[in-house]
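2 protein chains.
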Amino acid sequence: MDIHKGRLLSNRYSVLYETGFDTTFTTEREAYVLILQNKKIIITNALYRGESHTGDSQLHVCARGEKACEAIGRFCAENTITTLEFEATDLHWNEVHELKKRGIELSPRFDISFNRIVKTEEELFAIKQACHIGDQVLRDITPYIYPGQTEKEIAWYIEKSIREGYQAELAFDPIVAVDKNSALPHYHTKRGEGKIQDGSLLLIDFGVRAHNYCSDITRMIGIGAVSDEIRNTYVHLLDAQIKTVAAVKTTVELKELDIFCRAEMQKNNLPNYEHSTGHGVGLELHESPRVSGISVDKKMSHQVFTIEPGVYFPDKWGMRIEDTIMVSDQGEAEVLTRFSKDLLLL
Amino acid sequence: MDIHKGRLLSNRYSVLYETGFDTTFTTEREAYVLILQNKKIIITNALYRGESHTGDSQLHVCARGEKACEAIGRFCAENTITTLEFEATDLHWNEVHELKKRGIELSPRFDISFNRIVKTEEELFAIKQACHIGDQVLRDITPYIYPGQTEKEIAWYIEKSIREGYQAELAFDPIVAVDKNSALPHYHTKRGEGKIQDGSLLLIDFGVRAHNYCSDITRMIGIGAVSDEIRNTYVHLLDAQIKTVAAVKTTVELKELDIFCRAEMQKNNLPNYEHSTGHGVGLELHESPRVSGISVDKKMSHQVFTIEPGVYFPDKWGMRIEDTIMVSDQGEAEVLTRFSKDLLLL
Numbered sequence: 041m042d043i044h045k046g047r048l049l050s051n052r053y054s055v056l057y058e059t060g061f062d063t064t065f066t067t068e069r070e071a072y073v074l075i076l077q078n079k080k081i082i083i084t085n086a087l088y089r090g091e092s093h094t095g096d097s098q099l100h101v102c103a104r105g106e107k108a109c110e111a112i113g114r115f116c117a118e119n120t121i122t123t124l125e126f127e128a129t130d131l132h133w134n135e136v137h138e139l140k141k142r143g144i145e146l147s148p149r150f151d152i153s154f155n156r157i158v159k160t161e162e163e164l165f166a167i168k169q170a171c172h173i174g175d176q177v178l179r180d181i182t183p184y185i186y187p188g189q190t191e192k193e194i195a196w197y198i199e200k201s202i203r204e205g206y207q208a209e210l211a212f213d214p215i216v217a218v219d220k221n222s223a224l225p226h227y228h229t230k231r232g233e234g235k236i237q238d239g240s241l242l243l244i245d246f247g248v249r250a251h252n253y254c255s256d257i258t259r260m261i262g263i264g265a266v267s268d269e270i271r272n273t274y275v276h277l278l279d280a281q282i283k284t285v286a287a288v289k290t291t292v293e294l295k296e297l298d299i300f301c302r303a304e305m306q307k308n309n310l311p312n313y314e315h316s317t318g319h320g321v322g323l324e325l326h327e328s329p330r331v332s333g334i335s336v337d338k339k340m341s342h343q344v345f346t347i348e349p350g351v352y353f354p355d356k357w358g359m360r361i362e363d364t365i366m367v368s369d370q371g372e373a374e375v376l377t378r379f380s381k382d383l384l385l386l
Numbered sequence: 041m042d043i044h045k046g047r048l049l050s051n052r053y054s055v056l057y058e059t060g061f062d063t064t065f066t067t068e069r070e071a072y073v074l075i076l077q078n079k080k081i082i083i084t085n086a087l088y089r090g091e092s093h094t095g096d097s098q099l100h101v102c103a104r105g106e107k108a109c110e111a112i113g114r115f116c117a118e119n120t121i122t123t124l125e126f127e128a129t130d131l132h133w134n135e136v137h138e139l140k141k142r143g144i145e146l147s148p149r150f151d152i153s154f155n156r157i158v159k160t161e162e163e164l165f166a167i168k169q170a171c172h173i174g175d176q177v178l179r180d181i182t183p184y185i186y187p188g189q190t191e192k193e194i195a196w197y198i199e200k201s202i203r204e205g206y207q208a209e210l211a212f213d214p215i216v217a218v219d220k221n222s223a224l225p226h227y228h229t230k231r232g233e234g235k236i237q238d239g240s241l242l243l244i245d246f247g248v249r250a251h252n253y254c255s256d257i258t259r260m261i262g263i264g265a266v267s268d269e270i271r272n273t274y275v276h277l278l279d280a281q282i283k284t285v286a287a288v289k290t291t292v293e294l295k296e297l298d299i300f301c302r303a304e305m306q307k308n309n310l311p312n313y314e315h316s317t318g319h320g321v322g323l324e325l326h327e328s329p330r331v332s333g334i335s336v337d338k339k340m341s342h343q344v345f346t347i348e349p350g351v352y353f354p355d356k357w358g359m360r361i362e363d364t365i366m367v368s369d370q371g372e373a374e375v376l377t378r379f380s381k382d383l384l385l386l
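Those protein sequence lines, which keep their order, are chains A and B. Residues 41 to 386, numbered by the numbering used here, are exactly what the first sequence covers, in order. Residues 41 to 386, numbered by the numbering used here, are exactly what the second sequence covers, in order.
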């Protein structure tokens, strides 16, 4: 790397990845990491004085009145850095503006956190643990599901099980969606009013965050007298999902998986779904690599991503089957979410 | 407004405010609102098809492969809009870049959601309810606090009380900090290991989200034999906090409150604190107006903000007293968080 070039990371998970430094508010900018030749400088506010970080990074707490971009500018000048690569999808317009005002040349990068796309052994361990907890939570809560219950109640069981039972966290608010709500891929359970009835189809999509790393799983449950249409559709969806997982082995570019999965579903006359076939999982619930028709990511060992085709009949019902998988040393999919994929009939 | 000028809102709370449209993932970009002469267009992805929004807005779901900025560009062209004002602190570099590529002139604004700074009657009602729930939660949980308990356990009681007891949500992860942890203003309870002992000083800082609106409160609790130093410091801090709340009446610019509060504390030889004296509260936990030494905001009736001075002795203990207040029609502070501000001694 050009010795006059540095990197500026702003995404809170990039900061966490590079320095172990974690901030409190997920939706606010509270820290940056400036990566120079031989040092990493965490730039944050006084509220984080004394916060822990890795030994190869140093903490700079902005004085009252000192703006973060002033500190960044000063560190660049002191280290004869004239150009900063930055995360183009993360830095805000005003931040770019403030840095330019200080004479820093800015070079947008879309792959600046590229090393996050392949996981280390430790990262894989954390993700496996998150997946394992998710499996256990499904075992724990399914015996309590019965007609009359609301989606909200089941979501709260899931959350309590994760937090009280396993001292882990939610990766996101669980999506628990019954009947016509299950046809909305991003259904918002907390705002909904759905209730389980005899014959209901129930979609449960949730993730665990353990040691900062996420899992993601979706399973379907039928309550009582589930229609043949649902059962038959499920068989075909599961078949496509399993074949797509198997297809990882021979995949070079991840967009092939997206194309393959949709083609498999079309063979059985299942409708197309409007979301991606999958997404990378790690410190962020949705991160690189992308598993969609427009993905430019290649398959690599130790990537972790989901495979989650779905069938949606608006105003009727929907179903999705989602696994979190890792790519093994041999380039095959190893499924990390192991709760049975059969349609669970209660 | 120039008929060739539109506004683009991207902050998820701005989108919610303008259109009632809510998205699932707080840390991801899932929607924009384009405000043209006589219409508001919500631009989002297919996963939100059928999601609710106000009658004066319309929903545009991007087709697969259609980028949001393509849709924005097309709507601008169709409506002869050449310039878009945008939220400069929210839009990312790549979004600005994509819009510019489509020939749209962009005009950064820092006050684009300016009307959010003064609350309507309905908004005030929701905030009052959130504050009221917070007061009740403190009454509910304080009888259960005893030596041997961990910070995490108390944080979980607070959350369960809010969610199970009042069907409301957390505004943020509660900060429950004991003894030396209380000296860290943004202490991260979930990562900590603190435990209450006889003589402990306990800081509880939490907020409720009810009907989308936040509250924010901090109270201090002494367990058993609390030192005279703590009691005396508390009296002076409380005095400064109460006087600052009263000073709202005669305040013109909000930075005066920040200066006034620090001066009051200095009179009693209390150390200065490194955070602001307060922040606006609404759909976002931290929003305009700012109550800091560099605030440019003027006091206006029906603003809602916190007043929260603190005293921090690193590695020893810290204390903060925080109320959420609204500015009344007469320009005075009406304190919305009504749980007693005396040092609660258990």
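Where is the CB? At the ideal position from N, CA and C, for every residue including glycine.
_Selection of the stretch 336 to 353 of chain B by Cβ proximity to chain A, strictly under 7 Å_ = Answer set for the stretch 336 to 353 of chain B: empty.
*asked:* Please list, in chain order, the chain A residues whose beta carbon lies closer than 7 Å to that of B/Thr67.
replied: Under the 7 Å cutoff, chain A gives Thr66 and Thr67.
*Among all the DSSP beta bridges, which residues are the ones paired with A/Asp245?*
In DSSP, A/Asp245 forms a bridge with A/Ile215 and A/Thr258.
*Please list, in chain order, all residues of the same chain as B/Lys79 whose beta carbon is under 6 Å from its beta carbon, the five residues on each side excluded.*
None.
*Go through its chain and collect everything with a Cβ distance to A/Val177's Cβ below 8 Å, but skip five positions before and after it.*
So the list reads Ile198, Ser201, Ile202, Gly205, Tyr206, Phe246 and Val248, once near-sequence residues are dropped.
*Applying a beta-carbon distance threshold of less than 9 Å, which residues of chain A neighbour B/Ile251?*
Inspection of the sequence shows that residue 251 of chain B is occupied by His rather than by Ile. None at all; the shortest Cβ gap to chain A is about 11 Å.
*Under 8 Å between beta-carbons, which chain B residues line up against A/Ala128? List them in chain order, please.*
Within 8 Å Cβ-Cβ: His132, Trp133, Asn134 and His137.
*Does B/Arg104 come within less than 8 Å of chain A when only Cβ atoms are used?*
Look at B/Arg104: its C-beta is under 8 Å from a C-beta on chain A.
*Determine which residues of the stretch 83 to 102 of chain A have a Cβ less than 7 Å from any Cβ of chain C, and write them out in chain order.*
Protein chains A and B are contained in the structure displayed, whereas chain C is not.
_Cutting at 8 Å between CB atoms, please list the residues of its own chain near B/Glu145, excluding the five before and the five after it._
Residues Thr122, Thr123 and Leu124 of the same chain have their beta carbon placed closer than 8 Å to that of B/Glu145, with the five preceding and five following residues left out of the count.
_Element boundaries [beta strand (DSSP E), containing B/Ala71]_ = Residues Ala71 to Ile75.
*asked:* Let me make sure I understand the geometry here. Which of A/Val266, A/Leu297, A/Arg142 and A/Ala166 has the alpha-carbon closest to that of A/Glu209?
replied: Out of A/Val266, A/Leu297, A/Arg142 and A/Ala166, the CA that lies nearest to the CA of A/Glu209 is found in A/Ala166.
_Any chain B beta carbon closer than 8 Å to A/Phe212_ = Chain B contact via Cβ: present.
*Would you list the one or two residues that DSSP bridges to A/Thr364?*
A/Thr346.
*Could you tell me which chain A residues have their CB closer than 8 Å to the CB of B/Leu243, listed as they occur along the chain?*
Within 8 Å Cβ-Cβ: nothing; B/Leu243 doesn't reach chain A, min ~13 Å.
*Using 10 angstroms around the beta-carbon of B/Ile334, count the other beta-carbons present and answer buried if the total reaches 16, otherwise exposed.*
Exposed: under 16 other Cβ atoms inside 10 Å.
_Distance between B/Leu294 and B/Lys339 (C-alpha atoms, nearest Å)_ = Between B/Lys339 and B/Leu294, the C-alpha separation is close to 6 Å.
*Indicate, with yes or no, if the ligand GTP has a heavy atom lying under 7 Å from the CB of A/Ile299.*
Ligands displayed in this structure: none; no statement on the ligand GTP is therefore possible.
_Distance between B/Gly318 and B/Asp298 (C-alpha atoms, nearest Å)_ = B/Gly318 has its alpha-carbon roughly 8 Å from the corresponding atom of B/Asp298.
_Rounding to the nearest angstrom, what Cα-Cα distance links A/Arg330 and B/Asp219 in this structure?_
Across the structure, A/Arg330 and B/Asp219 are spaced so that their CA atoms are roughly 45 Å apart.
*State whether the stretch 216 to 235 of chain B contacts the stretch 179 to 191 of chain B, with contact taken as three or more CB pairs (one from each stretch) at a distance under 8 Å.*
Cβ pair count under 8 Å is three or more, so yes.
*Would you report the Cα separation of B/His226 and B/Leu99, rounded to the nearest angstrom?*
Taking the straight line from one Cα to the other gives about 39 Å.
_Just to make sure I have the definition right: I need the residues of chain A whose C-beta is within less than 7 Å of the C-beta of B/Asp298. Which are they?_
Per Cβ cutoff of 7 Å: no residues; B/Asp298 is ~11 Å from chain A at best.
_Euclidean distance between Cα positions of A/Thr67 and A/Leu49_ = If I take the Cα positions, the gap works out to 16 Å.
*Compute the beta-carbon to beta-carbon distance between B/Phe115 and B/Ile75, rounded to the nearest angstrom, for a pair I have assumed lies under 8 Å.*
Going by Cβ atoms, the distance from B/Phe115 to B/Ile75 rounds to 11 Å, so no, they are not a contact pair.
*asked:* If you follow the alpha helix (DSSP H) that A/Lys45 is in, where does it begin and where does it stop?
replied: For A/Lys45, no alpha helix (DSSP H) segment is defined; the enclosing uninterrupted segment is the beta strand (DSSP E) at Lys45 to Leu49.
*Who are the Cβ neighbours of A/Asp238 in its own chain at under 8 Å, not counting the five residues just before and after it?*
Excluding its 5 nearest sequence neighbours in each direction, A/Asp238 has C-beta neighbours in its own chain below 8 Å: Pro187, Ile263, Gly264 and Ala265, listed in chain order.
*Using the beta-carbon count (16 or more within 10 Å), is B/Asn312 buried or exposed?*
Classification for B/Asn312: exposed.
*Check whether the stretch 356 to 376 of chain A touches the stretch 82 to 101 of chain A, counting contact only when three or more Cβ pairs, one atom from each stretch, lie closer than 8 Å.*
Output reads no: the stretch 82 to 101 of chain A does not touch the stretch 356 to 376 of chain A.
*Starting from B/Ser147, trace the beta strand (DSSP E) both ways and give me its first and last residue.*
Unbroken beta strand (DSSP E) run through B/Ser147: Glu145 to Arg149.
*Is it true that the CB of B/Pro214 sits closer than 8 Å to the CB of B/Ile181?*
B/Pro214 is positioned such that its CB atom lies no closer than 8 Å to that of B/Ile181.
*Can you say whether A/Asp62 is buried or exposed, counting buried as having 16 or more other CB atoms within 10 angstroms of its CB?*
It counts as buried.
*Close beta carbons around B/Ser371, own chain, < 7 Å, minus the five adjacent residues each side*: First, the residue type needs correcting, since residue 371 of chain B is Gly and not Ser in the sequence shown. So the list reads Lys289, Lys339 and Ser341, once near-sequence residues are dropped.
*A/His315 CB to nearest chain B CB: under 8 Å?*
With 8 Å as the cut-off, A/His315 counts as an interface residue toward chain B.
*Where B/Lys230 sits in the DSSP three-state scheme*: Here B/Lys230 sits in helix by DSSP.
*Relative to chain B, which residues along the stretch 213 to 230 of chain A have a C-beta separation below 9 Å, given in chain order?*
Result list: Asp213, Ile215, Ala223, Leu224, Pro225, His226, Tyr227, His228 and Lys230.
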